[in-house]
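*Asks:* Which chain is which? The protein sequence lines are A and B, in order. Count the first sequence with the working numbering and you get residues 1 to 218, in order. Count the second sequence with the working numbering and you get residues 219 to 798, in order.
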Amino acid sequence: MDRRKSLKLLATGAIAVPAVLAGCNNDEKKQAEHPPEISFNLDRAPEELERDRKLMETTFFTEHEMATIALLSDIIIPKDDISGSATDAGVPDFIEFIVKDMPQYQDPMRGGLRWLDVYCMNHFEHPFKDCTATQQMEIVDAIAYPEKAKPEFSQGVSFFTLVRNLTATGFYTSRIGVADIGYAGNSPTKWNGVPDEVLKQYNIAYTEKELKEGASYQ
Amino acid sequence: MGDLQIKKKSLKYDAVIVGSGAGGGMAAYMLANAGLKVCLLEAGHMYDPQKNVTQLKNPWDSPRRGASTKYRPFGDFDACYGGWQLDGEPYTKKEGTQWDWWRARMIGGRTNHWGRISLRFGPRDFKRRSIDGLGEDWPINYDDIKPFYDRIDKMIGVFGTNEGLENDPDGHFLPPPKPRLHELLIKQAAQKVGVTVIPSRLSILTKKINEDRGECFFCGQCGRNCSLAKADFSSSNVLVYPALKTGNVDVVAEAMVREVLTDKEGLATGVSYINKQDMQEYQVNARTVILAASTCESARILLNSKSSRHPNGLANSSNVVGKYLHDSTGAAMGGVLPKLFGRKRYNEDGVGGMHVYSPWWVDNKKLDFPRGYHIEYWGGMGQPAYGFGWDIQGMNGKHPVNGVQKEAGGYGKSLKEDYRYFYGAGVGMAGRGEAIPREDNYCEIDPNVVDKYGIPVLRFHVKWSDYEIKQARHMKETFREIMDAMGAVVTWGDNDGPENNWGISKPGEIIHEAGTVRMGSNPKTSALNKWNQAHDCKNLFVVDGAAFTSQADKNITWTILALSMRASEYIIDEMKKNNL
Chain A
1 MDRRKSLKLL
11 ATGAIAVPAV
21 LAGCNNDEKK
31 QAEHPPEISF
41 NLDRAPEELE
51 RDRKLMETTF
61 FTEHEMATIA
71 LLSDIIIPKD
81 DISGSATDAG
91 VPDFIEFIVK
101 DMPQYQDPMR
111 GGLRWLDVYC
121 MNHFEHPFKD
131 CTATQQMEIV
141 DAIAYPEKAK
151 PEFSQGVSFF
161 TLVRNLTATG
171 FYTSRIGVAD
181 IGYAGNSPTK
191 WNGVPDEVLK
201 QYNIAYTEKE
211 LKEGASYQ
Chain B
219 MGDLQIKKKS
229 LKYDAVIVGS
239 GAGGGMAAYM
249 LANAGLKVCL
259 LEAGHMYDPQ
269 KNVTQLKNPW
279 DSPRRGASTK
289 YRPFGDFDAC
299 YGGWQLDGEP
309 YTKKEGTQWD
319 WWRARMIGGR
329 TNHWGRISLR
339 FGPRDFKRRS
349 IDGLGEDWPI
359 NYDDIKPFYD
369 RIDKMIGVFG
379 TNEGLENDPD
389 GHFLPPPKPR
399 LHELLIKQAA
409 QKVGVTVIPS
419 RLSILTKKIN
429 EDRGECFFCG
439 QCGRNCSLAK
449 ADFSSSNVLV
459 YPALKTGNVD
469 VVAEAMVREV
479 LTDKEGLATG
489 VSYINKQDMQ
499 EYQVNARTVI
509 LAASTCESAR
519 ILLNSKSSRH
529 PNGLANSSNV
539 VGKYLHDSTG
549 AAMGGVLPKL
559 FGRKRYNEDG
569 VGGMHVYSPW
579 WVDNKKLDFP
589 RGYHIEYWGG
599 MGQPAYGFGW
609 DIQGMNGKHP
619 VNGVQKEAGG
629 YGKSLKEDYR
639 YFYGAGVGMA
649 GRGEAIPRED
659 NYCEIDPNVV
669 DKYGIPVLRF
679 HVKWSDYEIK
689 QARHMKETFR
699 EIMDAMGAVV
709 TWGDNDGPEN
719 NWGISKPGEI
729 IHEAGTVRMG
739 SNPKTSALNK
749 WNQAHDCKNL
759 FVVDGAAFTS
769 QADKNITWTI
779 LALSMRASEY
789 IIDEMKKNNL
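1) Report the option in Gly465/B, Gln501/B and Glu686/B whose CA atom is closest to the CA atom of Met474/B.
2) Going along the chain, which residues of its own chain have a beta-carbon closer than 6 Å to the beta-carbon of Ala245/B, five neighbours each way excluded?
3) Taking a contact to mean a Cβ-Cβ separation below 8 Å, would you say Val645/B touches Gly605/B in this structure?
4) Taking C-alpha atoms, which residue in Leu229/B, Ile700/B, Asp684/B and Phe697/B lies nearest to Asn719/B?
5) Along the chain, where does the beta strand (DSSP E) containing Thr709/B start, and where does it finish?
6) Identify which residue in Leu758/B, Asn750/B and Gln439/B has its Cα closest to the Cα of Pro188/A.
7) Buried or exposed, going by whether 16 or more other CB atoms sit within 10 Å of the CB of Asn380/B?
8) Assess contact between the stretch 91 to 101 of chain A and the stretch 65 to 74 of chain A, defined as three or more Cβ pairs (one per stretch) separated by less than 8 Å. Is contact present?
9) Please report the Cβ distance between Gly389/B and Arg338/B, rounded to the nearest whole angstrom; I am assuming they are in contact, meaning their Cβ atoms lie under 8 Å.
10) List the residues of chain B that Ser39/A touches, going by C-beta distances under 7 Å, in chain order.
11) Any beta-carbon of chain B closer than 8 Å to the one on Lys200/A?
12) What are the residues that DSSP puts in a beta bridge with Met244/B?
13) Quick one: list the residues of chain B neighbouring Lys129/A, beta-carbon separation under 9 Å, in chain order.
14) Using a Cβ-Cβ distance cut-off of 8 Å, determine whether Pro195/A contacts chain B.
15) How should His528/B be labelled, buried or exposed, when 16 other C-beta atoms within 10 angstroms of its C-beta is the threshold for buried?
16) Per DSSP, Asp450/B forms a beta bridge with which residues?
17) Using three-state DSSP, classify Lys541/B as helix, strand or coil.
18) Using a cut-off of 8 Å between C-beta atoms, extract the partners of Arg175/A located in chain B.
19) On a CA-only basis, which of Gly607/B, Cys514/B and Ser576/B is nearest Glu594/B? Give me that one, please.
20) At a Cβ cut of 9 Å, what residues of the stretch 147 to 162 of chain A count as close to chain B, listed as they run along the chain?
21) Using the beta-carbon count (16 or more within 10 Å), is Asn122/A buried or exposed?
22) When burial is assigned at 16 or more other CB atoms within 10 Å of the CB, is Asp43/A buried or exposed?
23) Look at Ile728/B and Ser512/B and say whether their C-beta atoms are less than 8 Å apart.
24) Mark Pro665/B as exposed unless 16 or more other C-beta atoms lie within 10 angstroms of its C-beta, in which case mark it buried.
25) Can you name the residues that DSSP bridges to Arg677/B?
26) What does DSSP give as the partner residues of Met647/B in its beta bridges?
27) Taking Cβ positions only, does Ile76/A come closer than 8 Å to chain B?
28) Which two residues bound the contiguous alpha helix (DSSP H) that contains Cys120/A?
29) Among Leu249/B, Gln223/B and Ser228/B, which residue has its Cα nearest to the Cα of Lys794/B?
30) The alpha helix (DSSP H) that contains Leu633/B, what's its start and end?
31) Between Val667/B and the rest of its own chain, which residues show a CB-CB distance below 8 Å, the 5 nearest in sequence each way excluded?
32) Would you say Thr189/A reaches chain B, if we count a Cβ-Cβ gap shorter than 8 Å as a contact?
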């Protein structure tokens, strides 16, 4: 459920909330003071605000690197019947931010991208992004399966594993990805226990004590 | 620095309280409601849960998708400012020893993000020395504190069930949330191997208890503090801001206390502090000084409060201040439950914590270690956050996906199917046990190091003994049995042995530290009497975890609250009698 809907639910009296509006006003004030691209709608201590702004004002990857990351992330998470692709979900921007936030990824990412380009230059005479789709998939297939990859590709495997991790995390924490995975929470509700059909599916039931003592709601 | 001067507040307060967490918040609330004038000092930032909100945010609202930072080690949505290392505020360790020190720096302290696990100590927990010959008995027993637990249950609210367990006393409980699916499976498995599982006891309002606070709406985000309904306990929402409403409390944030000031007779006259924002020196005078700066910080203030009457630091003629420092033991294990692969989706956020737990269930006579532990559980379909989907190659090559055995790793549409298939199948558990307080586990003033405010810092000297390590081993063996009984595949926490002390947490890491300014009936072996009052200085009180003689296998917050309420009423009473 998005924030707007939550607020609507709150406003209809589903919960007693004296101070929701104070929180919103605060957010709006923060946004007014700073350009929208570096505003936050979650609480920041002063030292966090300073650090996050600095991170957002710097650029790590080159345009060439970002184009390669976009290609790789869409190979890893393409559009399908259920949801959009990694780039639809803004994954490359997430990766750009996270390597600034977690500098331990900077060398493995930059070096891995270069490893990939050098491999492609040697074998296909172009960097990865300018190779044909067939060529791109040839090298991806060589590094995407850790247990069957040939030893000479081991550095490429490590790199691809990292890109897959960052892509998956970036995708499934985006609006598109959360909807894809089917996470149904983060919205006001009343917990009355596991749905009956699920209890049946797992052949399990609440005890009489649990039913009697447990909180239940209309 | 030419214009450096000490600014003295002209007002003399009835009490100056150092720290605004559970202990300090409760003292401020009690004293202010009794009409006393209170100055509440907090070393961290001003914070108002009604304005500083992370609740009901989506993962994409954080640019790092909820990952932790130095400033928020429990993740970007966690409500606690502070961490394991603070800029300009170092601490040191003696070589060959360990201590991780969590310091909250905000109004409300750690209570803004704690697990809300609200367990009463039982009758045996106050008399451990009489039972096993280790540590020390408290100067009070369960009957002394029971009325205060009862009042706190009703005033703050806690859910749970009365089970009639001797050392896990009954209380005044709100109805507990029903177990989630993985919790039903855990309960089944644990009972099969002889481990008790009962509804957890968390200070979360499953029913409305008054007009100031709402009812839980089951977002599972108590770690973010309940800004929207105030349905969980935090000192900020439930104690500090309500205390402010009395008009009897002045709150000063960014106030880092240097020392407790005393007069010629050795009585406390107030405290001195540095304001972290203007870097000026201040003094506050008061009839009583109440320390609740956290277990180690309160000891640090006392040890730094030296005078001719208190050459060893204040309240320290016994030389016990800083000693007997102990944290809960901890060990954990996790894995996946194949029977939950491909599960049906629904909102199972529940409350922000487990719906069931295991209180200590074994008779120690059968064991090679003293004291016990409780088990906390987790799992299920949580909100995706940074780390989601990590290392899928460890899953999709091992377990068939919708009946098809795949090659580990991969990409593309097939990979998207894998993430969906494995979501929500995780399960895990952790033990939290009682360590033995020992004289040779301590913090002291480092003779060579000061923080950026010029205040001498703490140096730690803490080691686990065999008792704690054997307890961790027992935890791991128990977890393995439960995981096996439920058909789970263990994916981490199962490769421990004597070489790594069975995966026991580092001392301090569980953030349940206690014992540095302990209570006792003998002034030679304790710093405080049974009213949290310094033996050496009658108008000085310590009402945080420092006062604990021992800490049980129960999270200590509920007992901090009860003792602080009890001490506060004693202070009010003594003031009426003009004894303070």
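Beta carbons: idealized from backbone N, C-alpha and C, even for Gly.
*Replies:* Quick look at the numbers:
1) Each of Gly465/B, Gln501/B and Glu686/B was checked against the Cα of Met474/B, and the nearest Cα belongs to Gln501/B.
2) Ile235, Ile508, Val761, Ser782 and Ser786
3) no
4) Asp684/B
5) Per DSSP, Thr709/B belongs to the beta strand (DSSP E) from Val707 to Trp710.
6) Gln439/B
7) exposed
8) yes
9) 6 Å
10) Correct list: empty, because the minimum Cβ distance to chain B is about 11 Å.
11) no
12) In the DSSP assignment, no residue is bridged to Met244/B.
13) Near Lys129/A there are no residues of chain B at all, since even the closest Cβ is about 17 Å away, more than 9 Å.
14) yes
15) buried
16) According to DSSP, which records beta bridges pairwise, Asp450/B is partnered with Ile422/B.
17) strand
18) What Arg175/A touches in chain B, judged by beta-carbon distance under 8 Å, is Asn276 and Trp278, going in chain order.
19) Ser576/B
20) For the stretch 147 to 162 of chain A, the residues whose beta carbon sits under 9 Å from a beta carbon of chain B are, in order, Glu147, Lys148, Ala149, Val157, Phe160 and Thr161.
21) exposed
22) buried
23) no
24) exposed
25) BP columns for Arg677/B point to Thr310/B and Glu662/B.
26) Met551/B and Tyr595/B
27) Cβ-Cβ to chain B under 8 Å: yes for Ile76/A.
28) Gln106 to Phe124
29) Leu249/B
30) Gly630 to Phe640
31) Pro308, Thr310, Pro674, Val675 and Arg677
32) yes
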